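Take the position in the sequence shown, starting the count at 1, then add 1083; the result is the number in the numbering used here. Note that beta-carbon positions come from the ideal geometry of N, C-alpha and C, so glycine has one too. All values derive from a computational prediction rather than experimental measurement. Please read the structure below before turning to the comments.
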Amino acid sequence: MYLLKNRILTDGKAINSEILKVDSFINHQIDSNLMKEIGKEFASHFRDKNISRVMTIESSGIAPALMTSLELNVPLVVLKKQTSKILNDDFYQTNVISFTKNTTYNLTLSKKYIKPDDHVLIIDDFLANGEAASGAAKLIEEAGAKVIGIGIVIEKSFQPGREKLDNLGFDVYSLARIKSLSEGKIEFLD
């Protein structure tokens, strides 16, 4: 997606060989117009897949997932990183390792917001090691629903996430694939 790649080159900052900072337009301050275009792109790619729900993990995936769900005219479900006291025992849960924060959290999906006949599109802001997306997929499949695809805003192709998700048989669609990062330099995979 040219618009996204251009924005990454203009406003993104490669901190080192693993970290790309995009907080000025994706996850701290959000460019709503860019998110709208991202939602249109994901919806266009997955439109004929009979999607019944879009899911994401709080919090950075919410904006692109919301715009995608709006374009597809289906509900957005946000998977939580912490168990809420109001969920009781009526949820699916798995442990996920966060690449960015180097911590483990309990990914939680309320049983109230998924049905066995659902066709789910997962949207996430980054793909690094594939832990978040595969954790989300595990919960969806545990509920008896089907993961139709995984939409990634920015994929760090030099990390093992894509290979992991491909090996699990998922249809992964990334809008910007980063080949390499180094301080001040961003190279895309064409």
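- For the region 1115-1184, the full-length beta strand (DSSP E) segments reaching 3 residues or more read 1136-1140, 1159-1162 and 1174-1181 along the chain.
- Across the set Gln1112, Lys1163, Gly1218 and Ile1206, the C-alpha of Gly1218 shows the shortest separation from the C-alpha of Ile1180.
- Per the DSSP secondary-structure output, Val1203 pairs in a beta bridge with Arg1136 and Val1230.
- The C-alpha of Asp1207 is placed about 12 Å away from the C-alpha of Val1160.
- With respect to the C-alpha of Ser1135, the residue from Pro1243, Gly1252, Leu1155 and Phe1209 having the closest C-alpha is Leu1155.
- About 14 Å separates the Cβ atoms of Thr1151 and Leu1087, ruling out a contact at the 8 Å cut-off.
- For a cut-off of 8 Å, the C-beta gap from Asn1099 to Glu1270 is around 14 Å, too long to register as a contact.
- Rounded to the nearest whole angstrom, the CA to CA distance from Val1236 to Leu1192 is 22 Å.
- Short of 8 Å from the beta carbon of Glu1224, and not among the five residues preceding or following it, lie these beta carbons of its own chain, in chain order: Val1230.
- The C-alpha of Lys1163 lies about 30 Å from the C-alpha of Lys1262.
- For Ala1216, the uninterrupted alpha helix (DSSP H) run begins and ends at Glu1214 to Glu1225, by DSSP.
- A direct Cα-Cα distance of roughly 38 Å separates Leu1264 from Ala1226.
- The Cβ atoms of Ala1259 and Ile1091 sit closer than 9 Å to each other.
- Taking the CA atoms as reference points, Lys1132 sits about 14 Å from Asp1200.
- In the structure shown, Lys1198 falls within a coil segment according to DSSP collapsed to helix, strand and coil.
- Just measuring C-alpha positions, the residue of Pro1243, Ala1097 and Thr1093 sitting nearest Lys1268 is Ala1097.
- Here DSSP, grouped into helix, strand and coil, assigns Phe1253 to coil.
- Under the DSSP assignment, Asn1189 falls in the beta strand (DSSP E) whose first and last residues are Thr1186 to Ser1193.
- For the pair Gly1252 and Leu1210, the CB atoms are not nearer than the 9 Å cut-off.
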